[in-house]
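Colleague: Everything in the sequence shown is counted per numbering that gives the first Met the number 0, starting at 0 for the first residue and increasing by one. Can you read through this structure? Questions will come right after.
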Amino acid sequence: MEDKIRVMLSEEKVEERIKELGEQISRDYEGKTVHLICILKGSVFISCELAKHITCPVTMDFMSVSSYGDGTESSGRVKIVKDLDENVEGKDILVVEDIIDSGRTLAFLLDMLKARKPESIKLCTLLDKPDRRVTEVKVDYTGFVIPDEFVVGYGLDYAQKYRNLPYIGVVEQ
0 MEDKIRVMLS
10 EEKVEERIKE
20 LGEQISRDYE
30 GKTVHLICIL
40 KGSVFISCEL
50 AKHITCPVTM
60 DFMSVSSYGD
70 GTESSGRVKI
80 VKDLDENVEG
90 KDILVVEDII
100 DSGRTLAFLL
110 DMLKARKPES
120 IKLCTLLDKP
130 DRRVTEVKVD
140 YTGFVIPDEF
150 VVGYGLDYAQ
160 KYRNLPYIGV
170 VEQ
């Protein structure tokens, strides 16, 4: 049976907001190189689009993490599935996420990256669900604040499907 998906944020809205974020990041990192850390798999789409709109030099690396617990809720215990290829010491890093909800996994990840002594560390997310927050994380660049609904598209999946949708949609039951 096909899932019914309602458009929450259109392709045009998402693209325009990513362009605005790129312009803001370009101003904030003027004269520097920004090292994007893309958290796999979901943030591949926003990381690539965002990089196109950043005018200062950009380098990229990828990291894959999984949190585990009872299977339905993040415990905050994090397993590094794929670590960075490059040393981040002395670099201005920007962690790029697709969505932040509980904040547990990201808080752990940011603490781990800070221990690697970057020059600076900031966080960018396409979507922020503050109603789900359990652990506070400082988000420096936010695409959209959204309500607590199950969303797909633009890298976000439902059972590994729908990542390729060019918009943010809500899976309706």
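Note that beta-carbon positions come from the ideal geometry of N, C-alpha and C, so glycine has one too. For clarity, every value in this text was computed on a predicted model and none was experimentally measured.
By a C-beta neighbour count over all protein chains shown, 10 Å radius and 16 as the cutoff for buried, is residue 2 buried or exposed?
Modeller: Locating residue 2 in the sequence shown gives position 3, where the first residue counts as 1. The residue is exposed, with fewer than 16 neighbouring Cβ atoms inside 10 Å.
Colleague: Would you give the residue range spanned by the beta strand (DSSP E) that residue 119 belongs to?
Modeller: Working through the sequence shown from its first residue, we reach residue 119 at position 120. Counting along the chain, the beta strand (DSSP E) containing residue 119 begins and ends at 119-127.
Colleague: With burial defined as no fewer than 16 other Cβ atoms inside 10 Å of the residue's Cβ, what is the status of residue 135: buried or exposed?
Modeller: Position 136 of the sequence shown, counted from the start, is the residue given in the question as residue 135. So residue 135 counts as exposed.
Colleague: Taking one C-beta from the segment 85-98 and one from the segment 12-23 each time, how about it: are there three or more such pairs within less than 8 Å?
Modeller: Short answer: they don't touch.
Colleague: At the level of alpha carbons, what is the spacing between residue 87 and residue 117?
Modeller: For the purposes of this step, residue 87 is taken as residue 88 along the sequence shown, with counting starting at 1. For the purposes of this step, residue 117 is taken as residue 118 along the sequence shown, with counting starting at 1. Distance between the alpha carbons of residue 87 and residue 117 is about 5 Å.
Colleague: Quick one: what does DSSP say residue 16 is sitting in, helix, strand or coil?
Modeller: On the sequence shown, position 17 is the one that residue 16 refers to. Of the three classes helix, strand and coil, the one that applies to residue 16 here is helix, per DSSP.
Colleague: Bridge partners for residue 37 per DSSP, in chain order?
Modeller: Translated into positions along the sequence shown, residue 37 becomes position 38. DSSP lists 61 and 95 as partners of residue 37.
Colleague: Provide the residue span of the alpha helix (DSSP H) that contains residue 43, from first to last.
Modeller: Translated into the one-based positions of the sequence shown, residue 43 becomes position 44. Looking at the DSSP string, the run of the alpha helix (DSSP H) that includes residue 43 is 43-51.
Colleague: Cβ of residue 150 within 9 Å of Cβ of residue 98?
Modeller: Residue 150 sits at position 151 when you count from the first residue of the sequence shown. Residue 98 sits at position 99 when you count from the first residue of the sequence shown. A contact, by the Cβ cut-off of 9 Å.
Colleague: CA-CA distance, residue 138 and residue 172?
Modeller: Indexing the sequence shown from 1 puts residue 138 at position 139. Indexing the sequence shown from 1 puts residue 172 at position 173. Whole-angstrom Cα-Cα distance: 31 Å.
Colleague: What is the DSSP secondary structure of residue 171, counted as helix, strand or coil?
Modeller: On the sequence shown, position 172 is the one that residue 171 refers to. Three-state DSSP puts residue 171 in a strand.
Colleague: Do you know offhand how far residue 52's Cα is from residue 21's?
Modeller: Here residue 52 refers to the residue found at position 53 of the sequence shown. Here residue 21 refers to the residue found at position 22 of the sequence shown. About 5 Å.
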